[in-house]
Structure formats: C-alpha cells, structure tokens
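Colleague:
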Amino acid sequence: MKVGETITDYFARVMSVANKMRVYGEAMTDVTICEKILRSLTDKFNYIVCSIEESKDMDALTIDELQSSLIVHEQKFHRSSCVEQALKVTIDGRVGGRGRGRNNYRGRGRGRGGQEFNKAMVECFKCHNLGHFQYECPQWNKEANYTEVSEEDEMLLMSYVESHEVKRNDAWFLDSGCSNHMCGNRGMFINLDESFLHSVRLGNNSRMNVVGKGNVRLLLNGVNHVVHEVYYVPDLKNNLLSIGQLQERGLAILIKGGVCKVYHPTKGLIIQTVMSVNRMFILLAQTPAPTNAQSEKCLHTSSQDLSYLWHRRYGHLSYKGLRTLQYKKMWNWGVNFEAQILLDLEWGENEENNEGEERVSENGDEDGNGDRRERSESEGSEEARGREVGNPNESGENEGRVRRPPPYLNDYVSGEESSAQNLRCLVPSVPKPLLIFTPLLECHVQAAVICSKQFGVQLRVRSGGHDYEGISYMSEVQTPFIVVDMAKLRSINVDINRNSAWVQAGATVGEAYYRIAEKSKIHGFPAGLCSSLGIGGHITGGAYGSMMRKYGLGADNVMDARIVDVNGRILNRRSMGEDLFWAIRGGGGASFGIILSWKIKLVRVPETVTVFTVPKTLEQGATKILYKWQQVADKLDENLFIRVVINVVNSTVNGQRTVQTSYNALFLGRVDKLLQVMSKSFPELGLKREDCSEMSWIQSVLYIAGYPTNTAPEVLLQGKSLFKNYFKAKSDFVKKPIPETGLVGLWQRLLAEDSPLMIWNPYGGMMGRISESAIPFPHRKGTIYKIQYLTTWQVADQEIEAKHMDWIRRLYEYMASYVSSNPREAYVNYRDLDLGTNKKGNTSFIEASAWGNKYFKNNFNRLVRVKTKVDPDNFFWHEQSIPVLPSKKGRGRGW
Ligand SMILES: Cc1cc2nc3c(=O)[nH]c(=O)nc-3n(C[C@H](O)[C@H](O)[C@H](O)COP(=O)(O)OP(=O)(O)OC[C@H]3O[C@@H](n4cnc5c(N)ncnc54)[C@H](O)[C@@H]3O)c2cc1C
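Each residue of the sequence shown is one higher than the one before, counting from 1 in full-length UniProt numbering.
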C-alpha cells in the first residue's frame with residue numbers, strides 16, 4: 001500500500017490484481033487476499049492489523065468485512081487531526097522485511113515480516129494496563145454492568161442524527177449500518193428481558209450499553225407490527241430498525257426511486273416510506289400501549305415444511321403446479337403435495353400463519369377477519385392497495401382460489417400485458433409458461449438458471465419480446481417451461497467521456513438512444529429502427545439500423561457484456577473468454593447464456609441530420625426506380641441509408657389496389673449535402689428540398705421508427721411498440737439486382753395478399769468492410785440489400801392464419817431464383833422456423849445446418865464448437881438454438 005493511498009483505492013488495486021490472477025487460474029481465496037492485504041498495509045495500520053488478527057477468525061473473515069473494518073479506522077484518522085494512535089507492541093528481536101514468512105503467533109502466514117507478537121506487552125487503550133486489548137478491557141464491564149456474553153460486539157454505524165425534521169419518540173430509522181434493532185425508550189417495549197446485558201460499539205469506537213432485549217409493537221397505518229429482539233439502549237436518541245435483521249426474518253427490502261418498501265414473503269408490501277430530505281428512511285409509528293389480550297406476532301416468516309419451501313423457491317408456483325411437476329417426474333421433492341394443496345399459504349392463511357401483521361380496525365380493535373390488505377406508511381390509497389395486494393376474500397375455496405403473485409419477487413405478467421409482439425404466438429392453443437419470473441437483480445437471473453437446471457424445467461428468456469416466432473415466451477416442443485422476463489433490468493449508464501454505455505438487457509433500444517442523446521447531441525448508437533426492441537435479444541442476432549452503412553451493426557459495436565452462464569455464474573468479456581464473447585454477438589439469442597447487459601460503443605453523429613420519405617406507386621414508375629435503387633443502394637455515400645418499404649395501397653389514379661414503394665432515408669449530414677449526393681448518385685428518385693427535414697439525431701430516431709412529427713423524444717422511455725400483430729415473416733439477402741420482370745412477378749403476388757409488407761435494407765459501406773467471421777453475423781461483402789417479407793392479419797383464426805402462412809411460403813419459393821443461394825442466407829433476428837427446428841433432444845450438426853448455415857454461413861461451425869464447450873448439456877435449448885456436438889461421455893443429451 002502506498003503512503004497516502006486510501007483503503008478503498010488500495011482494495012480496488014489489490015482486487016484487480018487478484019481477479020486477474022483468478023482468471024489465469026491462480027487459487028486466490030478470500031483468506032489469501034485478506035492475509036496479503038494485512039501484510040502490506042502502511043505502518044499506521046499496524047495496531048489495527050494486530051487487533052484484527054487477534055480478534056477475528058481469519059478463516060472466516062471476508063474481504064468486505066476487512067475492508068469495512070479498515071475504512072472505519074481510516075475514517076477515524078481523518079476525523080481527528082490528532083496524532084495517530086497505535087497500540088504499543090514490543091518487537092521481540094528479529095525485525096524482518098515484509099516477507100511472506102509465517103510467524104509463530106497463531107501459526108498462520110499472515111505475520112508481518114516474522115515479527116514475534118507478545119500480548120503481555122500490549123497496552124490497553126482504555127485502562128492503560130498491559131496484557132489485553134482495548135476491546136477486552138474489564139473496565140467496560142465495570143462501567144456498564146456488563147456481563148460476559150458470547151456474541152461479538154454489535155456494531156452501530158449510525159447513532160444519533162440531529163435532524164430538524166424528526167426528533168420524536170415514534171420515529172424509527174431504517175438502517176443498514178446497525179446490526180440489531182435498537183430503541184432508546186423503555187416505554188415502547190411490550191416485554192423486556194432485563195437480564196440481557198450487552199454493549200454496542202459505535203462507528204467512532206465509543207460504546208453504548210444495552211440493558212435489555214424485548215419486543216416492540218409498532219402501529220403503522222392501523223396494522224400492528226411486532227418487532228422482535230429489539231435492544232433497549234437508554235442512551236440512544238432515535239430508534240433503529242436494522243435492515244439486516246429484517247431480511248434475516250424473511251422480509252425483502254427494496255429501496256428505489258426514493259422509496260423504501262418492505263415486503264413480507266406471503267403478504268406482499270407491508271411497509272412503505274419515502275426518503276426524507278436528508279436521505280433517510282424513517283417510519284413514523286404509533287406505539288400502542290401493550291395489552292395482554294393482543295397476541296404477539298413478529299416481523300418474521302417461518303418456513304413450515306419442505307413443500308412450502310419449494311413452493312416459495314419455485315416462484316410461488318401453486319401446489320397443483322408443483323404436484324404436476326412431480327407427477328411428470330420433472331423433479332422429486334420428496335414431499336407430498338396432496339396434503340398441501342388444501343392449504344393455500346400464499347394469501348389465504350389461517351390466523352396461525354399470519355405472523356408479522358395484525359389487522360386492527362379504526363378504533364384499535366382487532367377484527368381478525370383475515371383481511372390481509374397491507375397498509376403503506378406513506379399512503380394507503382385503495383388504488384395502491386388494489387394494485388399490490390392479494391385479497392383472499394376475492395378467492396374461492398382451497399384449490400379454486402385465485403392466486404395472487406407476491407409483488408416483491410416480480411410483477412408476474414400475463415401474456416396479454418406482456419411485451420410479446422407476435423400475437424400469433426399468444427393464441428390459446430399455444431402452450432403457456434408455468435410462470436413468468438421477472439428478476440429485479442442480477443442474482444435473481446442466476447437463481448433462475450440454477451433452479452431451472454436443478455428442477456429440469458425449460459427456461460425461456462425474454463428482453464423486448466420481439467422474437468418473430470415467439471421463442472422468448474413460448475415453447476411448443478418443451479413443456480412445462482418458464483419465462484425469465486428481463487423487463488425490470490433496464491438501467492442505462494452512459495459514459496460520454498469514454499464513448500460507451502452499459503445497457504441492461506431489459507432496456508429498449510429507444511431508451512438507450514434517449515439516454516445517449518440526453519447526454520450528448522453528437523453521440524448515438526447504430527442499432528434497430530424500431531424503438532421498442534429489447535437490447536438484450538436484439539444484439540444477440542446482429543442488430544442493424546439506419547447507421548449500419550456508416551458504423552456496422554449494433555453487435556459490431558459491443559465492447560463488453562455481462563452474462564449468466566449455464567452454471568449460474570456472472571461472466572464478463574474477460575472471464576468468459578473471446579470465443580464466447582464472439583458467439584454472443586450475433587450467434588442468436590438464448591443459446592449460450594442470459595445476457596444481463598451490454599457495454600456498447602457510442603458513435604459520432606452530426607448535430608443535424610436529414611430525413612425523407614418519398615413514395616412511388618406503380619403508376620409513378622415504381623418498378624424502374626426500384627430497379628435503379630438496387631444498382632446504387634450499396635454504393636451510395638455511406639452517410640446515406642435509403643431503405644424501401646413496399647406495401648399495397650389504394651391507387652390515387654384509378655382507385656384500384658397498387659404497389660407502393662416508399663424510400664425512407666436518414667442522411668448523417670445537412671440537406672444541402674444530401675441533395676448533392678442524390679443528384680449525383682440517384683437522380684431517378686427526384687428528391688426535392690421540400691421532401692427533406694433537418695433535425696437532431698434523436699428526432700430522426702422517432703421519425704424512422706414511425707412516430708408522428710413533433711412527438712417528444714420522451715416517448716422512447718415508454719418502451720411501447722407500434723407494431724403488435726398476428727404476423728409471419730421471412731428474410732433473404734440479394735447479391736444481384738432483381739430484373740424488372742422479376743419485380744413485376746413480385747407485384748402480382750403482393751397484390752394477391754391482404755396486408756403484405758416488404759422492407760429492403762441497403763448494405764455496403766462499413767457492412768462490406770467488416771469480415772464475415774468478425775462476429776457470427778456473416779452477411780457482409782457482396783450483399784446489396786436484405787429483404788424482409790411480412791404478412792399480417794388481425795384475428796386469431798386458424799384458417800386465416802393458414803391462408804397467410806401459405807401465401808408467404810409461396811412468395812418465398814418464388815423469390816428463390818433472385819436471391820442468395822448455397823446457402824440461401826437469412827437473418828437470425830428474423831427467425832423463421834420454416835427453415836428447420838431442433839428435435840426435442842439434441843439435434844445433429846448436419847440437421848441443424850439446415851438453418852444454421854443460412855443464418856451464420858461458415859460461422860455456424862465455430863458456434864457449435866463454442867456451444868459444446870460452454871453448455872455441453874444443452875441447457876439453453878430452444879427450437880433454433882445452436883446444437884452441441886455429441887461427446888464420448890454421452891453429453892449433449894438435450895432437453
Ligand atoms: C416490429 C419489429 C421491428 C424490428 N426491427 C428491427 C430492426 O430495425 N433491426 C433489427 O436488427 N431487427 C429488428 N427486429 C428483429 C429483432 O431484432 C429481433 O426480433 C430481436 O431478437 C428482438 O429482441 P427482443 O429482446 O426484443 O426480443 P425477445 O423476443 O425478447 O428475444 C429475442 C431472442 O433473444 C433471446 N433473448 C432475449 N433476451 C435475451 C437475453 N437477455 N439473453 C439471451 N438471450 C435473450 C430470446 O430468448 C429470443 O430467442 C424487429 C422485430 C420486430 C418485431
């Protein structure tokens with residue numbers, strides 16, 4: 001450690017080296033790191049090192065604990081400008097360097113240069129006698145009538161905060177810095193064990209005496225909460241609720257957006273409070289006088305039996321569901337769900353199970369009618385209750401009860417409310433997930449992988465729900481299955497100075513664009529045109545957009561990623577290795593792990609860009625103009641992206657249906673320059689100044705996505721889709737222009753369909769300069785443009801669906817001779833199950849090549865190798881996941 005370096009900086013430096021060593025296979029345990037740190041601190045920490053080594057079990061000491069402990073001492077140095085304190089230790093003879101040698105004391109290798117430690121020479125800092133440390137000083141006991149208790153000192157980082165806002169007996173601070181609930185007012189206890197004597201140490205190393213322990217009843221919005229094991233600390237001016245102790249009792253604490261919510265595992269939200277001006281979370285509770293009539297309940301949950309544990313662990317799946325899984329031999333829990341099925345522990349417990357909350361009526365009488373509505377500290381409106389509360393009175397009896405999801409784990413989302421885009425994949429005949437799990441934290445995603453693997457249940461992962469075949473939210477082949485919905489992991493952290501941003505998987509590209517533009521007018525990101533795409537799934541397939549000709553795909557501009565692998569580990573680029581990092585950027589979604597977040601590289605955009613849309617119908621010479629576009633589309637100035645949207649409209653000339661080709665463009669520059677480029681390269685379109693609009697890049701995002709003019713960019717934060725349909729789509733890549741005769745045949749087919757749509761996206765520019773194998777997305781040099789074919793319909797009807805599916809399949813056949821061949825390339829983000837699907841178990845390399853080569857060309861081989869390495873048991877399976885190569889050990893059994 002350098003002189004003057006802070007503990008935080010030093011730990012960061014050590015951890016960075018230690019992590020590197022871990023990556024290279026060195027076994028760097030916490031103990032080793034702690035030992036190294038203790039050996040290498042500067043001299044002013046000597047006495048702390050001694051006391052830590054003396055007082056702690058080094059084998060159990062975590063790095064975090066060590067850091068916290070050292071920081072507390074460091075703060076002490078800073079606070080007092082007085083001379084540094086040090087325990088006097090006598091060095092017996094040998095004075096060595098900071099070698100690795102073991103010292104004799106306690107027999108471990110964390111000695112400092114072979115110094116002998118003699119406790120007899122230690123001077124207590126409290127009584128100044130020799131032979132013991134300050135914390136062992138018998139003086140403490142005398143002063144505090146302290147009786148020896150086996151526990152270690154309680155730590156209290158926060159003691160009294162002089163607040164003008166709150167200085168009242170009924171204020172309870174929610175505090176993560178204290179190790180136990182504490183109360184300074186004797187009158188608040190409904191019972192008190194005064195034989196309990198203890199002491200708590202404050203952050204400044206002073207102490208307060210604990211002279212009893214008992215229960216306190218808090219009345220919050222008409223509901224009694226009995227808080228157990230509260231220390232009575234007479235000197236304490238404010239009351240503290242220990243967040244750590246609450247969570248030990250099964251409660252979940254969520255602090256977000258200036259609101260702290262406490263959730264009971266079965267009753268949902270029980271306490272809610274908003275942040276005070278000085279950034280504290282305070283509960284204002286009435287403390288009713290204790291009455292013997294009221295039986296005590298506590299902020300506590302207990303797990304009655306194994307089946308209940310499984311029920312909770314499995315996302316509060318109903319007992320019926322658990323029983324089904326057991327019948328299907330998906331997993332043997334070794335418990336009998338028959339007995340449990342009658343006991344709906346989720347919301348409709350009988351009184352015996354209602355620990356943690358007592359309902360009292362307005363006048364304070366308990367009504368005991370089983371109404372489990374939670375009350376919130378800050379409000380209590382009916383609306384809020386209705387939103388988050390399960391009311392058992394609405395349910396029927398036993399099995400027939402309506403199960404309400406526990407709001408703290410997720411907001412379970414029903415199919416209708418979900419982000420799922422393709423309504424074709426939501427019709428009743430399509431199997432539905434057992435549950436949709438919405439992680440709030442990265443570790444929830446880890447838990448989802450570990451649990452699904454352990455229970456042998458198929459897992460689907462959804463970010464934005466735009467998968468063309470609904471792979472992210474339905475499974476035709478493998479049931480039962482669950483969906484991990486990343487929608488709540490959507491934070492975005494833009495670092496303009498480093499031209500980068502970390503974007504969590506559940507964020508939409510529109511949100512990412514907005515957050516970038518919010519910080520800079522000259523930065524952007526080259527991904528999809530549709531703003532509601534989930535960045536999680538979108539980038540896994542490539543992610544093209546209107547800046548692709550200038551900067552390539554979204555996946556070409558990824559710098560790092562965090563994923564949860566098949567073993568539930570969180571890996572980043574360094575720890576996952578370059579092979580896996582290569583595979584996830586374009587190798588298709590949900591084959592290798594769950595993306596938690598992408599680190600994207602921001603690109604430069606001009607402050608002013610220009611957009612236009614010029615429609616041309618058949619009557620306006622659409623065929624010839626389109627033929628010309630095919631010749632120039634990939635050769636135009638790479639600042640210019642002109643896509644062609646082709647659909648069928650009523651002709652203004654004769655009222656008949658006609659084909660319309662709309663040239664929809666973004667130019668990364670001003671209109672004057674654009675007009676020059678167009679008159680030189682594509683005069684056939686006849687672009688005029690009045691067709692063009694200059695605007696900021698973020699406004700162009702809205703324009704291209706199809707929002708009406710003057711829509712505020714904030715709409716992007718809503719993540720709403722403008723396209724939710726019953727649809728089927730396909731894709732092709734074109735290497736040479738389709739002749740006019742071919743186009744005419746195409747028009748005939750479009751005119752025969754109700755709502756056909758084609759989008760032709762130009763390639764060239766940067767797309768042609770990036771090598772085919774740089775990432776798994778292979779459609780590069782030689783591609784003029786990509787075609788997307790779409791047909792949509794409005795009702796869930798099998799016959800109607802069959803008719804449209806048939807139309808698009810015949811159109812695809814017709815186009816075969818005009819597009820790429822050997823393989824006939826396709827875009828994996830426009831997933832098309834007609835190209836082939838995995839069998840229920842593993843699929844052979846040859847079979848999977850049917851679609852694998854179309855999506856990835858030669859990169860498919862490498863993808864299969866990576867998949868075999870990182871997920872040999874094929875856990876991340878779906879209809880078009882990358883297959884694994886069979887191994888001699890019989891791996892690759894699939895699901
Ligand atoms: C209206 C519309 C417009 C589109 N526009 C464009 C466009 O402009 N450019 C373009 O390139 N594509 C476009 N697409 C295609 C789009 O890129 C893909 O459908 C993409 O997969 C969508 O990602 P998502 O997260 O929204 O979808 P999801 O359905 O959530 O996921 C798609 C796939 O990725 C997997 N996946 C999702 N999240 C994760 C994760 N966190 N980790 C691992 N795997 C995951 C899913 O399991 C699924 O296989 C469009 C699609 C639609 C419906």
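Each residue gets a CB set at the ideal place from its N, CA and C atoms; glycine is no exception.
#1: Please classify I496 as buried or exposed, where buried requires at least 16 other C-beta atoms within 10 Å of its C-beta.
#2: Strictly by DSSP, which residues pair up with L757?
#3: Among the candidates Y703, L283, S532 and V653, whose CA atom is the shortest distance from the CA of L174?
#4: Using C-beta distances below 6 Å, list every residue in its chain close to Y468, excluding the 5 sequence neighbours before and after it, in chain order.
#5: Determine the extent of the beta strand (DSSP E) in which I600 is found, giving its start and end residues.
#6: Counting Cβ pairs, one atom from each stretch, are 3 or more of them under 8 Å apart for the region 604–615 and the region 653–670?
#7: Given a threshold of 16 other Cβ atoms within 10 Å of its Cβ, counted over all protein chains shown, does N129 qualify as buried or as exposed?
#8: Mapping DSSP to helix, strand and coil, what is C530?
#9: Please work out which residues of its chain come closer than 6 Å, Cβ to Cβ, to Y231, disregarding the five sequence neighbours upstream and downstream, and give them in chain order.
#10: Report back the beta-carbon spacing between S531 and G464 to the nearest angstrom; my notes put them in contact at under 8 Å.
#11: Cβ atoms of F592 and K839: under 8 Å apart, would you say?
#12: List the endpoints of the continuous beta strand (DSSP E) containing V210.
#13: Tell me whether D9, by its Cβ, gets closer than 7 Å to a heavy atom of ligand 1.
#14: Return the residue from the list I492, F525 and G706 that minimises the CA-CA distance to P606.
#15: Can you tell me which of S472, R279, K432 and G542 puts its alpha carbon nearest to the alpha carbon of S419?
#16: Roughly how many angstroms separate the alpha carbons of A622 and S575, rounded to a whole number?
#17: If we count Cβ pairs, one from each stretch, closer than 8 Å, do we get three or more for the region 551–570 versus the region 834–850?
#18: Does DSSP put D579 in a helix, a strand or coil?
#19: I need the DSSP call for D64, collapsed to helix, strand or coil.
#20: CB-CB under 8 Å to E442, same chain, minus the five flanking residues each way: which ones, in chain order?
#21: What's the gap between the Cα of N185 and the Cα of L219?
#22: The alpha helix (DSSP H) spanning M21 covers which residue range?
#23: Going by DSSP in three states, G131 sits in which element: helix, strand or coil?
#24: Roughly how many whole angstroms lie between the Cα atoms of F682 and F641?
#25: How about S500 and K601: do their beta carbons lie closer than 8 Å?
#26: So if DSSP puts Q660 in a beta bridge, which residue, or which two residues, is it bridged to?
#27: Within 10 Å of its beta-carbon, does K795 have 16 or more other beta-carbons around it, so buried, or fewer, so exposed?
#28: What residue does the beta strand (DSSP E) around S199 start on, and which one ends it?
#29: Step through the CB atoms of chain C and report whether any lies within less than 8 Å of the CB of V558.
#30: When you compare only the Cα positions, how much space is there between L241 and V262?
#31: Say the cut is 7 Å; is the CB of C443 nearer than that to a heavy atom of ligand 1?
#32: Find out if the Cβ-Cβ distance for the pair V494, H538 is shorter than 8 Å.
#33: Which same chain residues end up closer than 7 Å to W502 when comparing Cβ atoms and leaving out the 5 residues on each side of it in sequence?
#34: According to the neighbour-count rule (16 or more other Cβ atoms, all chains shown, within 10 Å of its Cβ), is S887 buried or exposed?
#35: Would you check if the distance between the CB atom of E879 and the CB atom of L717 is smaller than 8 Å?
#36: Based on the DSSP secondary-structure assignment, which residues constitute the bridge partners of D560?
Modeller: Taking the definition as stated:
#1: Translated into positions along the sequence shown, residue 496 becomes position 496. Burial state of I496 is exposed, judged by a 10 Å Cβ sphere holding fewer than 16 other Cβ atoms.
#2: Position 757 of the sequence shown, counting from 1, holds the residue named residue 757. L757 pairs with N647 and L790.
#3: Translated into the one-based positions of the sequence shown, residue 174 becomes position 174. Comparing alpha-carbon positions, the option among Y703, L283, S532 and V653 lying closest to L174 turns out to be L283.
#4: Here the question's residue 468 lines up with position 468 in the sequence shown. Taken in chain order, the residues that qualify are A729, Y830 and R831.
#5: Indexing the sequence shown from 1 puts residue 600 at position 600. Per DSSP, the unbroken beta strand (DSSP E) holding I600 starts and ends at I594 to K601.
#6: Yes, they touch.
#7: Working through the sequence shown from its first residue, we reach residue 129 at position 129. Counting the other CB atoms within 10 Å of its CB gives N129 a total below 16, which places it among the exposed residues.
#8: Here the question's residue 530 lines up with position 530 in the sequence shown. Coil at C530, not helix or strand.
#9: Working through the sequence shown from its first residue, we reach residue 231 at position 231. N180, M182, V210 and K213, listed in sequence order.
#10: For the purposes of this step, residue 531 is taken as residue 531 along the sequence shown, with counting starting at 1. For the purposes of this step, residue 464 is taken as residue 464 along the sequence shown, with counting starting at 1. Between G464 and S531 the Cβ distance is about 10 Å, and since that is not below 8 Å, they are no contact.
#11: Residue mapping note: residue 839 aligns to position 839 of the sequence shown, counting from 1. Residue mapping note: residue 592 aligns to position 592 of the sequence shown, counting from 1. Inclusion of K839 and F592 in the CB contact set at 8 Å is not warranted, their separation being larger than that value.
#12: Taking the first residue of the sequence shown as 1, we reach residue 210 at position 210. Element bounds for V210: R207 to V210.
#13: Numbered from its first residue, the sequence shown carries residue 9 at position 9. Not a single heavy atom of ligand 1 lies less than 7 Å from the C-beta of D9.
#14: Here residue 606 is taken as the residue at index 606 of the sequence shown, counted from 1. Among I492, F525 and G706, the Cα nearest to that of P606 is on F525.
#15: Taking the first residue of the sequence shown as 1, we reach residue 419 at position 419. Nearest C-alpha to S419 among S472, R279, K432 and G542: S472.
#16: For this step, residue 622 is matched to residue 622 along the sequence shown. For this step, residue 575 is matched to residue 575 along the sequence shown. Roughly 53 Å separates the two Cα atoms.
#17: The region 551–570 makes no contact with the region 834–850, as fewer than three CB pairs between them are under 8 Å.
#18: On the sequence shown, position 579 is the one that residue 579 refers to. Looking at D579 - three-state DSSP - the assignment turns out to be helix.
#19: Here residue 64 refers to the residue found at position 64 when the sequence shown is read from its first residue. Reduced to three states, the DSSP call for D64 is helix.
#20: Sequence index remark: in the sequence shown, residue 442 carries index 442 (1-based). Within its own chain, the residues whose Cβ lies closer than 8 Å to the Cβ of E442, once the five positions on either side in sequence are excluded, are L489, R562, V564, I570 and L596, listed in chain order.
#21: Position 185 of the sequence shown, counted from the start, is the residue given in the question as residue 185. Position 219 of the sequence shown, counted from the start, is the residue given in the question as residue 219. Going by the C-alpha atoms only, they are around 16 Å apart.
#22: The count along the sequence shown starts at 1 and reaches residue 21 at position 21. Judged by DSSP secondary structure, M21 falls within the alpha helix (DSSP H) whose first and last residues are I7 to V23.
#23: Position 131 of the sequence shown, counted from the first residue, corresponds to residue 131. If DSSP states are grouped into helix, strand and coil, G131 belongs with coil.
#24: The count along the sequence shown starts at 1 and reaches residue 682 at position 682. The count along the sequence shown starts at 1 and reaches residue 641 at position 641. Each residue's Cα considered, the two are about 12 Å apart.
#25: One-based indexing of the sequence shown puts residue 500 at position 500. One-based indexing of the sequence shown puts residue 601 at position 601. Yes, Cβ-Cβ distance for S500 and K601 is below 8 Å.
#26: As a position in the sequence shown, residue 660 is number 660, starting the count at 1. Beta-bridge pairing links Q660 to T617 and N647.
#27: To locate residue 795, count along the sequence shown from 1; it is residue 795. The residue you asked about is not Lys; residue 795 is Val in the sequence shown. Around the Cβ of V795, a 10 Å sphere holds fewer than 16 other Cβ atoms; the residue is exposed.
#28: Here residue 199 corresponds to residue number 199 of the sequence shown, with the count starting at 1. H198 to L202 is the span of the beta strand (DSSP E), which, as asked, contains S199.
#29: Although the question refers to chain C, the structure presented lacks it and comprises just one protein chain.
#30: By 1-based counting over the sequence shown, the position of residue 241 is 241. By 1-based counting over the sequence shown, the position of residue 262 is 262. Between L241 and V262, the alpha-carbon positions lie close to 12 Å from each other.
#31: Along the sequence shown, one-based indexing puts residue 443 at 443. No, since every heavy atom of ligand 1 falls outside the 7 Å radius drawn around the Cβ of C443.
#32: What you label residue 494 is simply residue 494 of the sequence shown in a count that begins at 1. What you label residue 538 is simply residue 538 of the sequence shown in a count that begins at 1. Result no, Cβ atoms of V494 and H538 do not sit closer than 8 Å.
#33: Start at 1 with the first residue of the sequence shown, and residue 502 comes out as number 502. Contacts found: N493, S597 and K599.
#34: As a first step, residue 887 is located in the sequence shown; it is residue number 887 there, counting from the start. So S887 counts as exposed.
#35: Along the sequence shown, one-based indexing puts residue 879 at 879. Along the sequence shown, one-based indexing puts residue 717 at 717. No, Cβ-Cβ distance for E879 and L717 is not below 8 Å.
#36: Indexing the sequence shown from 1 puts residue 560 at position 560. Looking at the DSSP assignment, D560 forms a beta bridge with K599.
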